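S.K.: Okay, here's the structure, questions in a sec.
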Amino acid sequence: VSSIAVMFTQSYQWSRSHSSSTFCNQSIIVNQSPLLCNGSGTLVCTTAASTCGNYAALDIGEYCTDFSVVADSSSGQIFHVENITAGAEFCVAYTGYSWIGLQSSNCGSSGKKKRYYRSGGPGTTTRRTTVLTTTGATCYSTSAHWSIGTCVNLAIRPDGFINTPPVATVISPINVPIDTLTAITIPVIDADGDYTSCRWAQNTSALDECGDVCQSAPGGLLDGENCTLTFNSTGTAVGQYYAVALMVEDFYDPSTYTAFSRVPIQFLIHIVGAAVCPLQPQISSNLTACSAVEVGQTFTFTLTVVQGCSGTTLVDFFTMPPVYMIKGSIVSVGSNKWTITETWIPTAMQLGSQVYCAVATDSAQIQSDQYCLTFTVIPAGSTLLCPGDVPPTTTTTMGYTFEIPEYADSNFGFCLPPRFNGNLCFSGQVPVQQAPVQQGPLLRQVPLQQQLLQKRQPPRQQQQQQLRRRRQQQLLQRQRQQQH
């Protein structure tokens, strides 16, 4: 039986002040030592051993990639390569306890409440529900369990390739002012150009996707097609935390209801007091939505933060970057603008889609919206193209392909929650992607018309976006009517 080299990339956020194992500073980032939380947990196969395709449990210890004193958080990432049996389908998960003190949907000691699932799941033909509400968190808990997992699928798609699951990233926590209606959009990337949607995580016999925080964000309204959570903080209290557990799924097109894959994403919402000045800091960069980066080449880019409220200064710029990306110092440019430079030399282990996200906090403790960029890491010497880009030397727009060494970029992902009771340990993303196959000079034909984010969308993506915009407008209108 043949095998496929699969790369598992784990990304986490931890409470920086909890212990020496979660502490990070610039020296630890530069030296890549010690690993965060080394030896404190494992990513295990949760299905029958006979189905696991020779997968061996992975330690969660990872390299520190950034830290925030203001958020009391350390972020990290690491990747491992394992040879998995071709065609294997199995689930992996990281489980344990406890989340920090938060509002939970599990108020008893005898087990979890029943969860209701309304969207089409893997292997089903149930129609997706485009707008989903939560059942709500009804009690405060300091011992809520977590469970975050995904199912690895190395089966061949109908188009002859191994699927590339979507990638989603969120920096946690997201500060939400009390008595407001806040739209939180989860950035989702799918290198295959598949139709993607989000749903609430659920607990099933095959995989517990959410532990004790299934649908525990009261007043949360999820627009699955746009992967946008509208959170109504009316009736909450300043200082409360709510966990959001979602699954991102990819489908061939909007008319199909069997998902190729499911990618977990979990994060915290933190209720804060109403700001005297509501203006947020604004982040921008000198990059487009997607940038192609060559293996082994130094890549730099600059981010700019513009002051929100008058008289404030930038006090924190926290990121969840790919490993080996180094953040420079905050540089003041005049009285209301700051710049930060990032430097990255990607390795061959990082081929495929990578996501970078950042959040800025000012001296009034006002947080910016999450700002994200996507990168496509390509082999050395390749043309710098993101999926969906057309080579500048050709006018061919349909059916044009280029050849690269055979590999399958399979970004499964999951977000890992806090491990320690009473500490601000946040969720992160664990993309799982396939490394180059170590066998012969095989070549794979890769269509250039694949779509990433909003770049050069083929007709079916354009139609999807038009439909999503209409439904987003309807969703916001419905929320405003409910408030009045």
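Quick note: the sequence shown, position 41, residue 41 per the UniProt record's numbering, numbers continuous. For every residue, glycine included, the Cβ atom is placed at its ideal position computed from N, Cα and C. Owing to the predicted nature of the structure, the values given are computational and were not obtained by experimental measurement.
Quick check: the Cα distance between Asn153 and Val6, rounded to an integer number of angstroms?
M.R.: 11 angstroms
S.K.: Taking the DSSP output, what are the residues bridged to Pro264?
M.R.: Met247
S.K.: Output the residue ranges of the beta strand (DSSP E) runs that lie fully inside the segment 164 to 201 and measure 3 residues or longer, sorted by chain position.
M.R.: Runs of beta strand (DSSP E) with 3 or more residues, each lying fully within the segment 164 to 201, are found at 174 to 177, 181 to 185 and 195 to 200, listed in chain order.
S.K.: Kindly give me the distance between the Cβ atoms of Leu351 and Val295, rounded to whole angstroms, as I take these residues to be in contact under 8 angstroms.
M.R.: 7 angstroms
S.K.: Here's the rule I'm using: 16 or more other beta-carbon atoms within 10 Å means buried, otherwise exposed. How should Ile4 be labelled?
M.R.: Per the 10 Å Cβ criterion, buried.
S.K.: With distances taken from CA atoms, which of Val44, Arg16, Thr376 and Ser17 is nearest Leu207?
M.R.: Val44
S.K.: For Ser73 versus Gln32, is the C-beta distance shorter than 8 angstroms?
M.R.: no
S.K.: CA-CA distance, Asp362 and Ile171?
M.R.: 16 angstroms
S.K.: What does the alpha-carbon distance come out to for the pair Thr234 and Ser329?
M.R.: 38 angstroms
S.K.: To the nearest angstrom, report how far apart His145 and Tyr324 are at their CA atoms.
M.R.: Answer to the nearest angstrom: the Cα atoms are 32 angstroms apart.
S.K.: Take Ala183 and list the residues in its own chain whose beta-carbon comes closer than 6 angstroms to its own, dropping the five residues that flank it on each side.
M.R.: Thr228 and Thr230
S.K.: By the DSSP assignment, the alpha helix (DSSP H) with Ile29 in it spans what residues?
M.R.: In the DSSP assignment, Ile29 falls within the alpha helix (DSSP H) that extends over Gln26 to Asn31.
S.K.: Taking only the alpha-carbon atoms, compute the straight-line gap between His18 and Ala245 and give it to the nearest angstrom.
M.R.: 23 angstroms
S.K.: Is the number of C-beta pairs between the segment 215 to 223 and the segment 189 to 205 that are closer than 8 angstroms three or more?
M.R.: yes
S.K.: Gln77 and Thr9: beta carbons closer than 8 angstroms?
M.R.: yes
S.K.: Whether or not the segment 309 to 319 and the segment 56 to 74 are in contact is what I'm after, with contact meaning three or more pairs of Cβ atoms, one per stretch, closer than 8 angstroms; do they touch?
M.R.: Yes, the segment 56 to 74 touches the segment 309 to 319.
S.K.: Below 7 angstroms, is the gap between the Cβ of Thr300 and the nearest heavy atom of the ligand ADP?
M.R.: The ligand content of the structure shown is nil, which means the ligand ADP is not present either.
S.K.: Do the segment 176 to 192 and the segment 269 to 287 meet, that is, are 3 or more Cβ pairs less than 8 angstroms apart?
M.R.: yes
S.K.: Can you check whether the CB of Gly53 is closer than 8 angstroms to the CB of Thr85?
M.R.: yes
S.K.: Applying the criterion that 16 or more other CB atoms from any shown protein chain within 10 Å of the CB defines a buried residue, is Ser353 buried or exposed?
M.R.: In the assembly as shown, Ser353 is a buried residue. Its beta-carbon has 16 or more other beta-carbons within 10 Å.
S.K.: So what does DSSP say about Thr383, is it helix, strand or coil?
M.R.: Looking at Thr383 - three-state DSSP - the assignment turns out to be coil, as it is neither helix nor strand.
S.K.: Looking at the secondary structure, which residues open and close the beta strand (DSSP E) in which Met320 lies?
M.R.: Leu314 to Met320
S.K.: Consult DSSP for Ala57 and reduce its assignment to one of helix, strand or coil.
M.R.: DSSP places Ala57 in coil when its eight states are reduced to three.
S.K.: If you count every other CB in all the chains shown that lies within 10 Å of the CB of Ser291, and 16 or more means buried, which is it?
M.R.: buried
S.K.: Look up Ser68 in the DSSP assignment and say whether it is helix, strand or coil.
M.R.: Of the three classes helix, strand and coil, the one that applies to Ser68 here is strand, per DSSP.
S.K.: Could you spell out where the beta strand (DSSP E) holding Thr46 opens and where it closes?
M.R.: Thr46 -> no beta strand (DSSP E), and no H or E assigned at all.
S.K.: At what residues does the beta strand (DSSP E) containing His145 begin and finish?
M.R.: His145 to Asn153
S.K.: Ile283 and Leu314 - do their beta-carbons sit closer together than 8 angstroms?
M.R.: For Leu314 and Ile283, no; Cβs fall outside 8 angstroms.
S.K.: How would you call Gly149, buried or exposed, if buried means at least 16 neighbouring beta carbons within 10 angstroms?
M.R.: buried
S.K.: If you check the beta carbons only, do Glu89 and Thr51 fall under 8 angstroms apart?
M.R.: yes
S.K.: Going straight from the alpha carbon of Tyr242 to that of Ser27, what length do you get?
M.R.: 33 angstroms
S.K.: Pop quiz: Phe301 and Leu287 are said to be a contact at Cβ under 8 angstroms. What is the actual Cβ separation, rounded to whole angstroms?
M.R.: 5 angstroms
S.K.: Under the three-state reduction of DSSP, which class applies to Thr9: helix, strand or coil?
M.R.: Three-state DSSP puts Thr9 in a strand.
S.K.: Ordered along the chain, which non-local residues of its own chain (more than five positions away) have a Cβ less than 8 angstroms from that of Leu36?
M.R.: Tyr12, Trp14, Ser21, Thr22, Cys24, Gly61, Glu62, Tyr63, Cys64, Ser74 and Gly76
S.K.: Quick one: residues in its chain with C-beta nearer than 8 angstroms to the C-beta of Thr196, no 5 flanking neighbours on either side, listed in chain order?
M.R.: Contacts found: Pro166, Val188, Asp190, Cys227, Val248, Glu249, Asp250 and Phe251.
S.K.: Are the beta-carbon atoms of Thr47 and Ala57 separated by less than 8 angstroms?
M.R.: no
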